[in-house]
Every structure is written in structure tokens, then in C-alpha cells.
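See below for the structure under consideration.
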Amino acid sequence: MGGLPDVFKDFAVRTFLLLYYNQVLGLPAFYVSLALAFALVVDAVTDPLVGSLSDNFRSRWGRRHPFMYAAALPLGVCVYFLFAPPELAAGESRDALLLAWLLVFIVATRVAMTFFAIPWNAMFAEYSDDYRERSAIVSYRFLMAWLGGIVFSVSVYTWVFPGSAEYPLGQLNPAAYQTFAWVLALCVSGTALATAHFTRDQIPYLMQPTGAVERFRPARLVADVKLALGNRDFVILLGAVLCSALVIGTVQALEIYVRTYFWGLDTSSLRWLSLSFCGALLAFATIVPLQSRFDKKHLLVGCSVVLTVQGMALIGLRLIDVLPPNGSTLLLVLLIIDAVLSVYLAMVALTMFVSMIADTLDVQELATGRRQEGLFSSSVGFASKATSGFGLLAAGALLDGVIGFPAGAGALGGPPLDGDVVLRLGVVAGLVVPLANVAWMVLALRYGVTRERHAEVRRELDARHARERSRPN
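Per my numbering, the sequence shown starts with residue 32, numbered consecutively.
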């Protein structure tokens with residue numbers, strides 16, 4: 032359940048934020064991107080800060096739960112106002128005021144999510160130290176997140192953004208976003224509070240800081256970051272995920288444009304794409320057997336290669352006019368199959384990445400004597416935010432500067448949409464951007480914690496822990 036608040040927030044931001052502010056409210060796409068870029072700069076500071084605070088915090092509620100409880104309600108308030116800006120009269124200052132509103136609440140949303148998600152992500156690495164069991168735990172975690180996300184997206188497309196005579200594409204109806212803001216806020220805060228409440232019985236069993244707990248100082252944060260960056264495998268994973276964030280995030284940010292304008296899907300068709308949850312079920316059933324045969328980094332890169340080629344192939348077939356026409360049942364079936372395979376491959380790859388982060392923690396403890404779950408997991412949180420942040424930045428620049436997509440085209444009476452614009456959208460989003468995946472895949476192959484290396488690390492750590500327990504107090 033702990034992954035659901037971030038899943039709900041990410042679905043809203045990646046799917047609707049750029050579309051809403053650009054196509055419905057008429058704010059230039061690049062302005063939206065600038066707001067997201069600034070929020071990402073704030074994230075770069077708050078993620079390791081919260082990770083370090085959480086790693087070194089002690090209370091009767093443990094070192095993770097106080098942050099999770101404190102963030103739950105502010106998170107709901109922030110996401111509500113993010114999607115419920117005030118009505119502003121047309122004029123020279125309208126764009127500036129709308130941009131300021133977006134900037135304040137996207138930053139506030141990201142900071143609030145940091146205080147919840149970083150401690151939550153850190154907790155999973157404390158549940159097990161076994162190489163294979165960690166992947167199983169992660170797969171359970173992502174299965175719940177995927178299923179919850181699917182239920183949420185189907186519900187949103189069905190009851191919040193239904194098509195109408197005035198708005199056949201319900202995702203372009205401005206009135207629906209007020210309802211969406213309430214639904215999003217209640218779901219995010221509710222699942223965050225439930226996660227903190229229903230995991231509180233695990234507090235006595237979670238790992239505590241190794242060694243004396245220091246009072247927080249900025250110098251300690253800098254020292255913690257330097258210590259983490261001294262881990263070669265962690266740096267490789269961090270570099271790979273930040274590179275992939277730009278590519279994946281751009282594709283995801285443009286996805287709602289591609290589905291709406293390139294494929295011509297209304298909300299009734301978009302609901303069917305939620306059958307992609309079958310890919311999550313398949314991944315859940317096959318992750319452990321796959322990992323028994325293949326190393327984690329090879330599964331990560333292999334699934335990512337297939338995912339990239341698959342996405343490019345579908346767009347390419349449309350561009351050479353091989354696929355059935357838009358609006359046909361056969362095309363929708365092909366898009367559903369593509370969505371199922373994409374979710375399967377993405378879930379396997381993501382599970383491997385998160386499990387690899389946990390394995391790297393053991394290497395870090397062996398080398399330094401310090402467990403830095405919070406700081407390491409903050410890299411996962413930053414990567415998730417970078418996916419939407421860097422992606423929206425790049426997507427906004429591409430929409431305005433390369434594709435030439437007109438702002439407000441989805442509003443009633445908005446500017447007409449030229450066929451060449453839709454063609455450029457398909458080429459850029461489906462063929463050009465995915466090619467950049469090659470860079471981070473090559474980097475990920477340099478990761479050095481194999482199954483054998485991790486087993487050796489665990490043996491040495493277990494022996495060290497046994498010696499420490501045998502020492503007289």
C-alpha cells in the first residue's frame with residue numbers, strides 16, 4: 032500500500048498536468064516545464080536531506096514513521112490545489128499568475144511526497160537481507176502499486192473524465208478537473224495515513240542506526256552524500272537512472288498527447304488500456320523464476336531493450352500506414368497488447384533496479400560500517416521525480432520548439448490542429464526520443480554486484496554481526 036500515494040500522484044502529474052495547464056488552461060508548454068524544472072532543483076536538495084534525517088532519527092515511533100505521518104495530510108492539500116487553480120480573468124498577467132500558482136504547488140507537492148516516500152522506500156530494504164527474497168518483496172510491493180494504480184486510472188477515466196457531446200475527449204473537459212483534484216487528494220492522503228498506521232507494528236523489528244546518532248548538521252549531510260558517492264556501484268545506478276529518467280519521463284509526458292491526438296483515443300478507449308494490469312500479474316508470477324536464471328542487471332537491461340524496440344515498432348508501423356485506422360476495434364486490441372507487454376517489461380526492469388539498490392546497501396555497510404537506507408532510497412525517490420520533472424521539461428520544450436503544438440488546442444474554440452503537427456508528434460515521441468535509452472543501458476551493464484559477489488558480502492556481514500553480538504556490553 033505504501034507505494035500507492037506516489038503512484039496516484041505520479042499518474043496525475045505525468046498524465047494530466049502538462050495536458051491540463053497547456054491544452055485546457057492555455058499556458059505554454061515550456062512554462063509548465065520551467066516550473067517542473069525548478070521543483071526538481073528543490074528535490075535535489077530535499078531528497079538527500081530527508082534521507083539523511085531519516086537514517087539518523089530515533090524516536091519511540093522508529094526512524095521512518097514520524098516523517099510518514101507528518102507528510103500525509105499536507106500531501107493531500109498540495110495535490111488538491113495543484114489541480115484546482117483559481118479562475119483568472121484573461122489579461123497580460125494571467126499566464127504569470129497561473130505559472131506562479133503551478134510553481135508553488137508543484138514544489139510543495141514534491142517536498143511533501145519526499146517526506147513520505149523516502150522513509151517508506153528505505154523501510155523495504157530493512158525487511159530482508161536475502162538476495163532473492165528482496166526481489167520477491169519488491170515484486171509484491173510493485174504488484175500492489177500497479178493494481179492500485181490500474182483501479183485508480185480506470186475509475187478516473189470512467190467517472191471523472193467521461194466523454195460528452197460537448198467534450199468527446201473527456202480529458203479535455205475543464206470542469207472535470209475540480210472533481211479530479213478532490214479525488215486525488217483524498218486517495219493520496221488516505222493511503223499515506225493507512226500505510227503509516229498499518230506498518231507501525233513493524234517498528235520494533237526495523238533496523239536502527241549503526242553507531243551513535245549525531246545531531247543533524249549540514250556538514251553531516253555533505254559527509255553522508257560523499258560517503259554514498261564513494262560507492263562505485265551506487266554511482267553507476269544513480270547515473271543510469273538519471274539518464275533513463277530523461278528518456279522515460281519525456282515519453283510518459285508525451286504519452287497522453289500521443290494517445291489523444293496521434294491514436295485518437297477517447298476516455299472509453301483509454302479505460303481499456305487499463306488491462307495492462309495483466310502485465311503486472313505476469314511479472315509478479317515470473318520475476319523470481321527469471322531472477323533464479325539471470326543476473327539482475329541483465330534482466331534490467333534486457334527488458335529495457337525489448338521495451339524500447341516494441342514502442343518504436345508500433346509508432347513506426349502507423350507512420351508507414353500498416354496498422355488499422357484510428358477508431359477501429361483491431362487497433363485498440365493492438366494497443367492493449369502493447370500496453371500489457373510494456374507494463375510487464377517495465378515492472379520486471381523496475382523491480383530489478385530497486386532490488387539492486389538494496390544489494391548495494393550491503394556492500395556499503397561492509398565497506399563503511401554504515402547503513403544508509405534513507406540516503407540510498409532518496410536516489411530512488413529522486414529518480415521517480417526526475418522521471419516526471421526532467422521528462423516534462425523536455426516534453427514541454429519539444430512540444431513548443433520542435434513539434435509546434437499549439438497551446439489551448441483542446442479547449443472549445445481553440446486553434447485548429449494541423450496534420451503535420453500530429454505527424455511530428457509521432458516521430459519525436461515514438462522514434463527519436465526512445466533511441467536515447469542506449470546511453471543508460473550501457474552504463475547499467477557496468478554494475479558489479481553479481482549474485483556471487485552479494486553472497487560473499489552477506490557472509491562477511493553476518494560474521495561481523497555475530498562478532499558484535501558476542502562482545503560483552
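Beta carbons are placed, not taken as given, at the ideal position from N, Cα and C, and that holds for glycine. Values in this document were obtained by computation on a predicted structure and should not be read as measured data.
Among the options, which one has its Cα closest to the Cα of residue i?
i: residue 389; options: 403, 377 and 380; result: 403
i: residue 193; options: 210, 496 and 179; result: 210
i: residue 71; options: 425, 393 and 231; result: 425
i: residue 76; options: 118, 141 and 49; result: 141
i: residue 251; options: 62, 452, 468 and 87; result: 87
i: residue 346; options: 287, 106 and 454; result: 454
i: residue 172; options: 258, 297, 107 and 37; result: 37
i: residue 332; options: 382, 124 and 120; result: 382
i: residue 512; options: 464, 433, 466 and 465; result: Since the first and last residues shown for the chain are 32 and 504, residue 512 lies out of range.
i: residue 226; options: 154, 268 and 297; result: 154
i: residue 408; options: 387, 399 and 471; result: 387
i: residue 337; options: 301, 113 and 472; result: 472
i: residue 312; options: 170, 90 and 493; result: 170
i: residue 326; options: 384, 112, 73 and 146; result: 384
i: residue 470; options: 330, 231, 146 and 275; result: 275
i: residue 495; options: 401, 126 and 91; result: 401
i: residue 391; options: 121, 498, 259 and 124; result: 259
i: residue 199; options: 90, 296, 302 and 459; result: 296
i: residue 78; options: 406, 499, 491 and 421; result: 406
i: residue 174; options: 74, 45, 44 and 35; result: 35
i: residue 53; options: 249, 203 and 375; result: 203
Going by DSSP in three states, residue i sits in which element: helix, strand or coil?
i: residue 294; result: coil
i: residue 395; result: helix
i: residue 478; result: coil
i: residue 341; result: helix
i: residue 262; result: coil
i: residue 177; result: helix
i: residue 195; result: coil
i: residue 369; result: helix
i: residue 94; result: coil
i: residue 15; result: Absent from the structure is residue 15, since the part of the chain shown begins at 32 and ends at 504.
i: residue 403; result: coil
i: residue 146; result: helix
i: residue 505; result: Past the boundaries of the shown model lies residue 505; the chain is included only from 32 to 504, so the question cannot be answered.
i: residue 495; result: helix
i: residue 302; result: helix
i: residue 47; result: helix
i: residue 141; result: helix
i: residue 89; result: coil
i: residue 57; result: coil
i: residue 116; result: coil
i: residue 500; result: helix
i: residue 127; result: helix
i: residue 437; result: coil
i: residue 122; result: coil
i: residue 32; result: coil
Just checking my contact of residue i with residue j at CB under 8 angstroms: how many whole Å lie between their CB atoms?
i: residue 378; j: residue 151; result: Their Cβ separation, rounded to whole angstroms, is 19 angstroms, which puts residue 378 and residue 151 out of contact at 8 angstroms.
i: residue 461; j: residue 343; result: 6 angstroms
i: residue 42; j: residue 183; result: 7 angstroms
i: residue 103; j: residue 223; result: 4 angstroms
i: residue 116; j: residue 130; result: Contact doesn't hold; Cβ gap of about 10 angstroms is too wide.
i: residue 40; j: residue 144; result: 6 angstroms
i: residue 475; j: residue 271; result: 4 angstroms
i: residue 188; j: residue 360; result: So it is not a contact: roughly 18 angstroms between Cβ atoms.
i: residue 423; j: residue 64; result: 5 angstroms
i: residue 468; j: residue 335; result: 6 angstroms
i: residue 464; j: residue 339; result: With a Cβ gap of about 10 angstroms, residue 464 and residue 339 do not count as contacting.
i: residue 51; j: residue 208; result: 6 angstroms
i: residue 214; j: residue 191; result: 6 angstroms
i: residue 45; j: residue 341; result: Actually they do not touch by this definition, with Cβ atoms about 19 angstroms apart.
Taking the continuous alpha helix (DSSP H) assigned at residue i, which residues delimit it?
i: residue 353; result: That residue, residue 353, is in no alpha helix (DSSP H); it is neither H nor E in DSSP.
i: residue 318; result: 308-324
i: residue 36; result: 35-43
i: residue 220; result: 207-229
i: residue 450; result: 450-458
Does the count of Cβ pairs from the region 306-325 and the region 356-371 closer than 8 angstroms reach three? Verdict: yes, contact present.
Stretch-stretch touch, CB-based, cutoff 8 angstroms, three pairs: the region 477-486 with the region 250-270: Touching, per the Cβ criterion.
Just checking, does the region 212-225 make contact with the region 346-356 on the three C-beta pairs under 8 angstroms criterion? Cβ pair count under 8 angstroms is below three, so no.
The region 382-396 in contact with the region 130-141 per 3-pair CB rule at 8 angstroms: Touching, no, given that fewer than three Cβ pairs across the two stretches are closer than 8 angstroms.
Three Cβ pairs or more, each shorter than 8 angstroms: is that satisfied between the region 91-98 and the region 106-122? Under the 8 angstroms Cβ criterion, the region 91-98 does not count as touching the region 106-122, having fewer than three qualifying pairs.
Would you call the region 425-438 and the region 48-66 touching, i.e. three or more CB-CB distances under 8 angstroms? Because the criterion of three Cβ pairs below 8 angstroms is met, the region 425-438 and the region 48-66 touch.
Kindly confirm or deny that the region 319-327 and the region 361-368 touch, where touching means at least three C-beta pairs closer than 8 angstroms. No: fewer than three Cβ pairs fall under 8 angstroms.
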